[in-house]
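Take a look at the structure below.
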Amino acid sequence: MPLARIVSAMAILLSVLGAVAPAAGEAYRGLGLITPYPDQTLPTGSGHLIPLTVANYGLPPQWVDVRVVQAPPGWTVVLQAGGRPVGAVLVEPDQSRALSLWVEPPERAAGGPFPLVLEAHSSSARARLPLRLHLSEQAPQPLALEVGLPVLRGAARTVFTFELTVRNPTERDVMAALSARAPDGFRVDFLPRFSEQEITGLPVKAGDSAQIDVRVAAPRGTPAETYPITVTALAGTMSASQELTLEITGEPRLKMAPPDERLSGTAYLGVETPLQLQIENVGTAPAEDLRLSGFAPANWSLRLEPAQIDRLAPGARTMVTAVFKPGAKSLAGDYLLTFEAHGRGTEATLEYRVTALTSTLWGLVGIALAAVALLLVGLVVVRYGRR
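Residue numbers (this note's numbering): -4 to 382.
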């Protein structure tokens, strides 16, 4: 009898297990609202994207409303897809849709945890996702811009090159769009490292970095001053900025010309001719230790008075006299004089065309000699013509 009871009990147990086993093996049917890291620490001072997934497990196509049920006070929380705010997704059977949750804490927020609850629901199913967020100044930024030397110094004619690194510590590849805010007239170009091809953006793989050069050219004659430039990398709703600084130093720049701006004149062979030259510093720094020189054709003489200027302040001008004499045996015609001024970090060149003429004195002498010759011929004719 006891044996019969044992056999009967075992039969009942097997029948129960046989009924339960299929139910235990059945796949889950419903909605899922998922994020890889529901408890995470974010860096302070900026907004962040949290990836989300809405999954449909074995249900017919579902219109799924997604909403924020609970958020920390003062936080900006927005559900996004494709860079736009969304409130619902359509999910086919056994498929999923990707979303992002943009969270931006208020200023001075720190520490935590900060609870946040999301809910996804359709007409036949519901799913909730609790999040626990922490804020820390030591947490890595989702997108970062780093620079080795943020301050560069030089003259306005210098092309400045900053070396930057774009870092993407997230788990997805991004396309970082690059932009810059600079003073009026400044040109800013982005180039991949070791390339001359200008770009406006570059891809950065997940967990990787990319190096770029930022070239900045200031307008010629930019006053000596400090100029800020802000470079920004933008990938979707993630952004990172870097402040750069240009310290423009003063630069002398010389201008040399006659006071009337005429670049040609006349002179007589064998006669000294003075030429006034005006030298002006149109730059933004003093021109120092200026040495003046000139070049004339063969058999001509040329000197400059003075031949050296110790210092010429910005905006100042001075006069120099060039005295030249065409060679007495040179042929009449057009000749070229070249004048140069060299100083520390600056120089100027002037070409002056001279039309060399025969002296009028020798013309008068020739006329006089011809007249005397004619007079003598006349006297001879008169005297000996009567015979």
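Cβ atoms here follow ideal geometry from the backbone N, Cα and C, with glycine treated the same way.
Within 9 Å, strictly: CB atoms of residue i and residue j
i	j	result
Thr225	Ala177	yes
Leu44	Ser95	yes
Ala212	Arg182	yes
Phe75	Trp97	A quick correction: the sequence has Gln, not Phe, at residue 75. Against a cut-off of 9 Å, the Cβ pair of Trp97 and Gln75 comes out as a contact.
Ser259	Tyr347	yes
Arg306	Pro281	yes
Pro386	Pro38	Here the chain covers residues -4 to 382 and nothing more, so residue 386 does not appear.
Thr227	Ala175	yes
Gly82	Arg62	yes
Phe157	Asp89	no
Ala230	Ala139	no
Gly289	Leu332	yes
Val86	Pro80	no
Leu26	Ala120	yes
Ala122	Glu114	yes
Ala151	Arg215	yes
Pro456	Gln206	Nothing can be reported for residue 456: it is not among the residues displayed for the chain, which extend from -4 to 382.
Pro68	Leu128	no
Asp179	Arg210	no
His116	Asp60	yes
Leu371	Phe334	no
Simplified DSSP assignment, three categories, for residue i
i	result
Val367	helix
Leu307	strand
Leu272	strand
Leu332	strand
Leu140	strand
Leu352	strand
Leu374	helix
Thr153	coil
Phe319	strand
Glu300	strand
Ala18	Low confidence applies to Ala18: its pLDDT is 47, below 50, so where it sits in the model is not reliable, and the reading given next is rough at best. Three-state DSSP puts Ala18 in a helix.
Ser119	coil
Glu256	coil
Ser325	coil
Arg127	strand
Same chain only: Cβ atoms within 7 Å of residue i, ignoring 5 sequence neighbours per side
i	result
Pro17	Caution applies to Pro17, whose pLDDT of 41 falls short of 50 and renders its modelled position unreliable; the value that the coordinates give is listed next. Cβ within range, chain order: n/a, list empty.
Arg339	Glu283, Asp284
Gly310	Asn276
Ala336	Leu249, Met251, Ile274, Leu285, Leu287, Glu342, Ala343
Gln271	Pro253, Pro254, Met314, Thr316
Ala351	Ala262, Leu264, Pro321, Ser325, Ala327, Gly328, Tyr330
Ala291	Leu297, Phe319, Leu332
Ala301	Note on residue identity: the sequence assigns Pro, not Ala, to residue 301. Excluding positions up to five away in sequence, the list reads Val315.
Val154	Arg210, Ala212
Other residues of its chain near residue i: CB distance less than 6 Å, five sequence neighbours each side excluded
i	result
Glu141	Thr160
Val384	Nothing can be reported for residue 384, as the shown portion of the chain is limited to -4 through 382.
Leu47	Thr30, Leu94, Leu96
Gln303	Arg286
Pro269	Thr316, Val318
Ala50	Gly27, Ser91
Beta carbon proximity, residue i to chain B, threshold 9 Å
i	result
Val59	In the displayed structure, chain B is absent; only one protein chain is listed.
8 Å CB neighbourhood of residue i in its chain, flanking five on each side removed
i	result
Tyr23	Tyr52, Gly53
Arg167	Pro46, Ala201
Leu130	Thr36, Leu37, Pro38, Thr39, Pro100, Ala104, Ala105, Gly106, Gly107, Phe109
Leu374	none
Run of the beta strand (DSSP E) containing residue i, from where it starts to where it stops
i	result
Ala282	282 to 290
Gly42	Neither: Gly42 is in no beta strand (DSSP E) and is coded neither H nor E.
Ser174	169 to 176
Arg188	Looking at the DSSP string, Arg188 is not in any beta strand (DSSP E), and its letter there is neither H nor E.
Glu99	91 to 99
Asp60	57 to 65
Leu111	106 to 116
Pro460	The chain is shown from -4 up to 382; residue 460 falls before or after that span and cannot be answered.
Val72	71 to 76
Val211	203 to 212
Leu241	233 to 244
Residue i beta carbon near the ligand ATP (any heavy atom closer than 8 Å)
i	result
Gly265	No copy of the ligand ATP occurs in the structure displayed, which carries no ligand at all.
TODO: Take every Cβ of the segment 143 to 153, pair it with every Cβ of the segment 50 to 61, and state whether three or more of those distances are shorter than 8 Å.
DONE: Under the three-pair Cβ rule at 8 Å, the segment 143 to 153 does not count as touching the segment 50 to 61.
Task: Segment contact flag, the segment 190 to 203 with the segment 233 to 240, C-beta cutoff 8 Å, min 3 pairs - done: Short answer: they don't touch.
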